[in-house]
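Student: So that you can map any letter, position 259 of the sequence shown is 319 in our numbering, and since no number is skipped, the others follow by simple counting.
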Amino acid sequence: MNITLVPGGNPGPYTGAGNNTYLISGKTPTLLDAATGESSHLVALAEALAGQPLGQVLVSHAHQDHVDGCGSIAARWPITCFGKMLWPERDCLQSVDFFPISDGDLIPAGDGMLRVVHTPGHAPDHLCFLDETTGTLFSADLVVQGSSVVIPNSHGGSLAQYLASLRLVLDIAPHRMLPAHGQAIDSPSEVISTYLEHRLQREAQIIELVRVGVGWPDALVKRLYPGIRPELKPMARESVLAHLVKLQEEGRARDDGECWVLT
Ligand SMILES: [Zn+2]
61 MNITLVPGGN
71 PGPYTGAGNN
81 TYLISGKTPT
91 LLDAATGESS
101 HLVALAEALA
111 GQPLGQVLVS
121 HAHQDHVDGC
131 GSIAARWPIT
141 CFGKMLWPER
151 DCLQSVDFFP
161 ISDGDLIPAG
171 DGMLRVVHTP
181 GHAPDHLCFL
191 DETTGTLFSA
201 DLVVQGSSVV
211 IPNSHGGSLA
221 QYLASLRLVL
231 DIAPHRMLPA
241 HGQAIDSPSE
251 VISTYLEHRL
261 QREAQIIELV
271 RVGVGWPDAL
281 VKRLYPGIRP
291 ELKPMARESV
301 LAHLVKLQEE
311 GRARDDGECW
321 VLT
């Protein structure tokens, strides 16, 4: 596959250096993710297309930094089609209509095919795209090297689903992963195993803190993320809640009013 990284040009506290979008050139020019419509992204995309029409944009999930650029791309390349797994309450915020894609679909991209892999947890509609001929997985927000992925518990996130998605990709055993943030990942199994271990360690820490009476989500954030930047606190709280909800689903903890306790 002929893949060009087209930077989203949208650096920020949640996007790091900004989103990665990937152009797959060939018979069906395909862009993976739309970023946020920054003019530098559109310029870089036009350069990478070198006069070719843009056939389609496949969106990994409906978080703003992946989908908000669809309108600007549609304005610049009017015949482009946009596909994603549907999440109607979010998709209606966009000015384009999406064709629906689902787990297991094979979609022509460039001169090859991509297999759709549904990987919910970070978002209910989260998709990865696998090029089976090279073992390249476009992994969107499944993992980010050197950082952990936010599970937005109150906005469609689920830690149980996220862990199942990590295990699913571990089974697929891609040779390399191209994430939506940060560097390419050349040892996916190692990175995913580290992620799984990190989550289990985090869970053990939370169980221990709740056991000794630190059962308030804000207090848990304070203990687990000392020195965290204030603007990142709400997302840390969401991740803590995601752990607590997973424990609740497993019958191991419950919300006793404002405070969580072990059962
Ligand atoms: Zn996301």
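Glycine included, C-beta positions come from ideal geometry on N, C-alpha and C.
Could you give the residue range of the beta strand (DSSP E) that holds Lys-87?
Tutor: Counting along the chain, Lys-87 falls outside any beta strand (DSSP E), and DSSP gives it neither H nor E.
Student: Give me the residue from Gln-221, Gln-308, Tyr-222 and His-215 with the minimum Cα distance to Trp-147.
Tutor: The option with the nearest alpha carbon to Trp-147 is His-215.
Student: Should Ile-121 be counted as a contact of ligand 1 given a C-beta to heavy atom distance under 8 Å?
Tutor: Per the sequence shown, residue 121 should be read as His rather than Ile. Within the cutoff, so yes.
Student: For the stretch 85-98 against the stretch 207-226, are there 3 or more C-beta pairs whose distance is under 8 Å?
Tutor: Result no; under three Cβ-Cβ pairs closer than 8 Å.
Student: With 16 as the cutoff for other CB atoms within 10 Å, does Cys-152 come out buried or exposed?
Tutor: Label assigned to Cys-152: exposed.
Student: I want to check one thing, is the minimum distance from the CB of Ala-200 to the heavy atoms of ligand 1 below 8 Å?
Tutor: Yes, the beta carbon of Ala-200 sits closer than 8 Å to at least one heavy atom of ligand 1.
Student: Is the beta carbon of His-186 within less than 8 Å of some heavy atom of ligand 1?
Tutor: True, at least one ligand heavy atom lies under 8 Å from that Cβ.
Student: Kindly provide the ranges of any beta strand (DSSP E) runs that are 3 or more residues long and lie completely inside the stretch 98-171, ordered along the chain.
Tutor: List check, beta strand (DSSP E) in window: 116-118, 141-144, 158-160 and 166-169.
Student: How is the alpha helix (DSSP H) around Arg-283 delimited, first residue to last?
Tutor: Here the alpha helix (DSSP H) through Arg-283 covers 277-284.
Student: If you draw a straight line from the C-alpha of Gly-111 to the C-alpha of Ala-104, how long is it?
Tutor: Answer to the nearest angstrom: the Cα atoms are 12 Å apart.
Student: Should Ala-5 be labelled buried (16 or more other beta-carbon atoms within 10 Å of its own) or exposed?
Tutor: The structure shown does not extend to residue 5, since the chain is modelled only from 61 to 323, so the question has no answer here.
Student: Report back the beta-carbon spacing between Pro-180 and Ser-218 to the nearest angstrom; my notes put them in contact at under 8 Å.
Tutor: Contact flag correct, Cβ pair sits at about 7 Å.
Student: Could you tell me whether any Cβ in chain B is nearer than 9 Å to the Cβ of Leu-304?
Tutor: No chain B is present in this structure, which holds just one protein chain.
Student: Applying the 10 Å Cβ sphere with the 16-neighbour rule, what's the burial state of Cys-319?
Tutor: Classification of Cys-319: exposed, given that the 10 Å Cβ count is below 16.
Student: With a cut-off of 8 Å on the beta carbons, I'd call Asn-70 and Asn-62 a contact; round off their distance for me.
Tutor: Actually they are not in contact, since the Cβ atoms of Asn-70 and Asn-62 sit about 25 Å apart, beyond 8 Å.
Student: Could you say which of Lys-144, Asp-128 and Thr-75 lies nearest to Asp-185 if we only look at CA atoms?
Tutor: That would be Lys-144, whose Cα lies nearest to the Cα of Asp-185.
Student: Cα separation between Val-204 and Ala-240?
Tutor: In a straight line, the C-alpha of Val-204 is about 8 Å away from that of Ala-240.
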